[in-house]
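Only one structure is covered here, and it is reproduced in the block below.
There are 2 protein chains.
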Amino acid sequence: MKQFTQQLSKFDPITGVVEGAPPAIERRLSDLKGVFADELAYEAALAEEDSLVYSTYCVAPEQGDGAMLYCIGKFMPGRIGAEYYMTKGHIHARPETAEFYFGLRGQGVMLLEDEASGDSQLLPLLPNGAIYVPRHTAHRTMNTGEVPLTYLSVVLADAGHDYEVIAARGNFRKVVVDLDGQPTMLDRAGFLESLSR
Amino acid sequence: MKQFTQQLSKFDPITGVVEGAPPAIERRLSDLKGVFADELAYEAALAEEDSLVYSTYCVAPEQGDGAMLYCIGKFMPGRIGAEYYMTKGHIHARPETAEFYFGLRGQGVMLLEDEASGDSQLLPLLPNGAIYVPRHTAHRTMNTGEVPLTYLSVVLADAGHDYEVIAARGNFRKVVVDLDGQPTMLDRAGFLESLSR
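Chains A and B are the protein sequences, given in the same order.
Residue numbers for the first sequence follow numbering that gives the first Met the number 0, so the first one is 0 and each next one is one higher.
Residue numbers for the second sequence follow numbering that gives the first Met the number 0, so the first one is 0 and each next one is one higher.
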């Protein structure tokens with residue numbers, strides 16, 4: 000039988016590690032330029048320390064039509080001004096591919112933005128909670144809690160990541176901020192205006 | 000944005016239920032005729048009670064190329080002779096689709112059989128453990144423990160189930176039995192011979 004060394008994987012929801020997986024992709028604050036609406040708060044935080052924001056271990060046992068890959072994400076808790084630590088956010092390079100997320104530990108949210116309509120949705124990412132990211136949907140993950148957030152994701156192996164589509168139009172249409180302790184979705188323009196006051 | 004009522008789901012690893020999902024598929028002993036090698040033990044167990052063996056709640060938020068569906072499976076503990084309670088087992092109707100499994104609670108194993116070579120592999124299905132079922136691979140799940148086994152599965156929405164390919168050649172090439180408390184993979188012919196002694 001085709002032997003896949005990564006066919007069987009042990010996830011650690013505390014450390015956010017998949018045993019035997021290739022090294023994680025790590026994103027630090029310096030990798031996230033342009034992601035946070037509050038640029039002053041971002042520059043101040045970066046000047047203090049280029050903190051680790053998230054890491055992802057991915058396992059891709061095979062390639063080809065119908066092959067899948069899966070990852071464990073570990074997301075540090077943190078804030079940049081009123082915004083939560085967040086991913087760059089992406090759509091899939093092959094945009095007609097969905098993605099499945101499943102919370103293991105901690106508290107987070109996902110911001111979804113439909114590519115056709117621009118409509119946005121904010122969903123909780125919690126232990127034993129699943130989020131289905133529909134096809135043609137940009138998505139961004141945030142840790143809204145005080146401990147590391149770990150989660151599982153499953154996607155087609157050839158889905159790919161496209162960061163340029165979002166970068167080209169500036170950013171996601173909505174920002175998510177901590178408002179009285181609650182993750183709250185706001186229009187970007189309104190939030191930027193509130194910052195400049 | 001396209002609103003999917005099932006986009007956000009809460010899994011219960013104890014009850015094996017997805018809140019708000021459509022009713023589960025249930026398989027009782029009477030649905031599993033021909034699955035167990037030990038037919039006498041099967042008929043005796045069925046005569047006593049048509050027990051529930053497993054149930055599956057599945058959520059399919061959308062259809063089309065690249066769409067996914069996800070399920071929670073709940074597997075009761077039990078034995079038929081030396082064999083564990085097991086699924087019918089299937090390959091995908093679209094055989095070039097992989098499947099991802101993730102253990103939530105309890106102890107199980109999966110038997111994988113490569114369609115091309117017939118080679119078999121037995122993998123543990125444990126909490127926080129992932130199993131990648133490669134494309135073109137028949138697979139069967141068993142509860143090897145003493146409590147319900149619950150697990151998550153993710154697959155392409157159009158993967159489908161094909162039970163006929165396996166039924167047509169009789170069954171999986173290997174049987175899995177409890178040998179001194181350990182799940183052990185044996186050749187079917189040898190096991191059948193041992194039963195007739």
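From the three backbone atoms N, C-alpha and C, an ideal C-beta is built for every residue, glycine too.
If you're wondering where the values come from, they're calculated on a predicted model, not measured in any experiment.
Task: Alpha-carbon spacing of residue 50 of chain A relative to residue 102 of chain B, whole angstroms - done: On the first sequence, residue 50 of chain A is found 51 positions in, with the first residue counted as 1. On the second sequence, residue 102 of chain B is found 103 positions in, with the first residue counted as 1. When rounded, the distance between both Cα atoms is 33 Å.
Task: Alpha-carbon to alpha-carbon, residue 77 of chain B and residue 175 of chain B - done: Numbered from 1 along the second sequence, position 176 holds the residue referred to as residue 175 of chain B. Numbered from 1 along the second sequence, position 78 holds the residue referred to as residue 77 of chain B. For residue 175 of chain B and residue 77 of chain B, the distance between alpha carbons rounds to 13 Å.
Open item on the list: Let's see if you can read the secondary structure: which residues bound the beta strand (DSSP E) around residue 51 of chain B?
Closed with: If you number the second sequence from 1, residue 51 of chain B lands on position 52. Counting along the chain, the beta strand (DSSP E) containing residue 51 of chain B begins and ends at 51-58.
TODO: Note down the Cα distance separating residue 164 of chain A from residue 52 of chain A, rounded to an integer number of angstroms.
DONE: As a first step, residue 164 of chain A is located in the first sequence; it is residue number 165 there, counting from the start. As a first step, residue 52 of chain A is located in the first sequence; it is residue number 53 there, counting from the start. Each residue's alpha carbon lies about 22 Å from the other.
Task: Interface residues of chain B facing residue 73 of chain A [CB-CB closer than 7 Å] - done: By 1-based counting over the first sequence, the position of residue 73 of chain A is 74. Result: empty, since nearest Cβ-Cβ is about 14 Å, beyond 7 Å.
Task: Reference residue 162 of chain B; option with closest CA among B:71, B:93, B:184 - done: Within the second sequence, the letter at position 163 stands for residue 162 of chain B. Among B:71, B:93, B:184, the Cα nearest to that of residue 162 of chain B belongs to B:93.
Open item on the list: Please identify the residue among B:177, B:132, B:10, B:85 whose C-alpha is closest to the C-alpha of residue 29 of chain B.
Closed with: Mapped onto the second sequence, residue 29 of chain B falls at position 30. Of B:177, B:132, B:10, B:85, the residue nearest in Cα terms is B:85.
Open item on the list: So the candidates are A:55, A:167, A:146, A:89; which of them puts its Cα closest to the Cα of residue 133 of chain A?
Closed with: Walking along the first sequence from the start, residue 133 of chain A turns up at place 134. Nearest option by C-alpha distance: A:89.
Task: Residues near residue 80 of chain B in its chain [Cβ-Cβ closer than 6 Å; skip 5 each side] - done: Residue mapping note: residue 80 of chain B aligns to position 81 of the second sequence, counting from 1. So the qualifying residues of the chain are 37, 40.
Open item on the list: Since residue 149 of chain B and residue 24 of chain B should fall inside the 8 Å C-beta cutoff, what is the C-beta to C-beta distance between them, to a whole number of angstroms?
Closed with: Taking the second sequence and counting its residues from 1, the one referred to as residue 149 of chain B is at position 150. Taking the second sequence and counting its residues from 1, the one referred to as residue 24 of chain B is at position 25. In fact, because the Cβ distance is near 15 Å, the residues do not count as touching under 8 Å.
Task: Residues, ordered as in the chain, of the region 146-173 of chain B that lie near chain A by beta-carbon distance below 7 Å - done: 151, 153, 155
- [ ] Please confirm if residue 67 of chain A has its CB atom under 8 Å from at least one CB of chain B.
- [x] Translated into positions along the first sequence, residue 67 of chain A becomes position 68. Judged by the 8 Å Cβ criterion, residue 67 of chain A is in contact with chain B.
Open item on the list: My output table needs one value for residue 63 of chain B: the three-state DSSP class, helix, strand or coil.
Closed with: As a working note, residue 63 of chain B is residue 64 in the second sequence. Note: residue 63 of chain B maps to coil in three-state DSSP.
TODO: Take residue 35 of chain A and list the residues in its own chain whose beta-carbon comes closer than 8 Å to its own, dropping the five residues that flank it on each side.
DONE: As a position in the first sequence, residue 35 of chain A is number 36, starting the count at 1. So the qualifying residues of the chain are 41, 79, 80, 82, 85.
Open item on the list: Please tell me whether residue 113 of chain B and residue 135 of chain B are closer than 8 Å, where the distance is taken between their beta carbons.
Closed with: Here residue 113 of chain B is taken as the residue at index 114 of the second sequence, counted from 1. Here residue 135 of chain B is taken as the residue at index 136 of the second sequence, counted from 1. A contact, by the Cβ cut-off of 8 Å.
- [ ] Would you mind sorting residue 146 of chain A into buried or exposed? The rule is 16 or more other CB atoms within 10 Å of its CB.
- [x] Reading the first sequence from its first residue, position 147 is the one you call residue 146 of chain A. The residue is exposed, with fewer than 16 neighbouring Cβ atoms inside 10 Å.
Open item on the list: In the DSSP output, which residue or residues are listed as bridge partners for residue 128 of chain A?
Closed with: On the first sequence, residue 128 of chain A is found 129 positions in, with the first residue counted as 1. B:9, per the DSSP bridge assignment.
Task: residue 140 of chain A at chain B interface by Cβ criterion, 8 Å - done: Counted from its first residue, the first sequence places residue 140 of chain A at position 141. Closer than 8 Å: no.
- [ ] Assuming residue 152 of chain A contacts residue 99 of chain A (C-beta within less than 8 Å), just tell me the rounded distance between them.
- [x] Translated into positions along the first sequence, residue 152 of chain A becomes position 153. Translated into positions along the first sequence, residue 99 of chain A becomes position 100. Their Cβ separation, rounded to whole angstroms, is 7 Å, which keeps residue 152 of chain A and residue 99 of chain A in contact under 8 Å.
TODO: From the DSSP output, in three-state form, read off residue 83 of chain A for me.
DONE: The sequence position of residue 83 of chain A within the first sequence is 84, counting from 1. It is a strand residue.
Task: Contact residues within the region 52-65 of chain B, judged by C-beta distance below 8 Å to chain A - done: 58, 60, 61, 63, 64, 65
Task: residue 112 of chain A - DSSP class collapsed to helix/strand/coil - done: What you label residue 112 of chain A is simply residue 113 of the first sequence in a count that begins at 1. DSSP places residue 112 of chain A in strand when its eight states are reduced to three.
Open item on the list: Taking the straight line between their C-alpha atoms, what separation do you get for residue 15 of chain B and residue 59 of chain A?
Closed with: In the second sequence, residue 15 of chain B corresponds to position 16, counting from 1. In the first sequence, residue 59 of chain A corresponds to position 60, counting from 1. Cα to Cα, the separation comes out at about 28 Å.
TODO: Could you spell out where the alpha helix (DSSP H) holding residue 187 of chain A opens and where it closes?
DONE: Taking the first residue of the first sequence as 1, we reach residue 187 of chain A at position 188. 187-195 is the extent of the alpha helix (DSSP H) around residue 187 of chain A.
Task: Under 9 Å from the C-beta of residue 96 of chain B: neighbouring residues of chain A - done: As a first step, residue 96 of chain B must be located in the second sequence, where it is residue number 97. Here the neighbours are 64, 65, 66, 67.
Task: Test item: CB-CB of residue 110 of chain A and residue 190 of chain A under 8 Å - done: By one-based count along the first sequence, residue 110 of chain A stands at place 111. By one-based count along the first sequence, residue 190 of chain A stands at place 191. Cβ distance not < 8 Å, so residue 110 of chain A and residue 190 of chain A don't count as in contact.
- [ ] Run the CB neighbour count on residue 63 of chain B, radius 10 Å, all protein chains shown included, and call it buried at 16 or more, exposed below.
- [x] As a working note, residue 63 of chain B is residue 64 in the second sequence. Answer is exposed; the Cβ neighbour count stays below 16.
TODO: Pull up the distance between the alpha-carbon of residue 95 of chain B and that of residue 87 of chain B, whole angstroms please.
DONE: On the second sequence, residue 95 of chain B is found 96 positions in, with the first residue counted as 1. On the second sequence, residue 87 of chain B is found 88 positions in, with the first residue counted as 1. Straight-line Cα distance between these residues: approximately 20 Å.
TODO: Taking C-beta pairs closer than 9 Å, name the residues in chain B that residue 104 of chain A reaches, listed in chain order.
DONE: The sequence position of residue 104 of chain A within the first sequence is 105, counting from 1. None at all; the shortest Cβ gap to chain B is about 10 Å.
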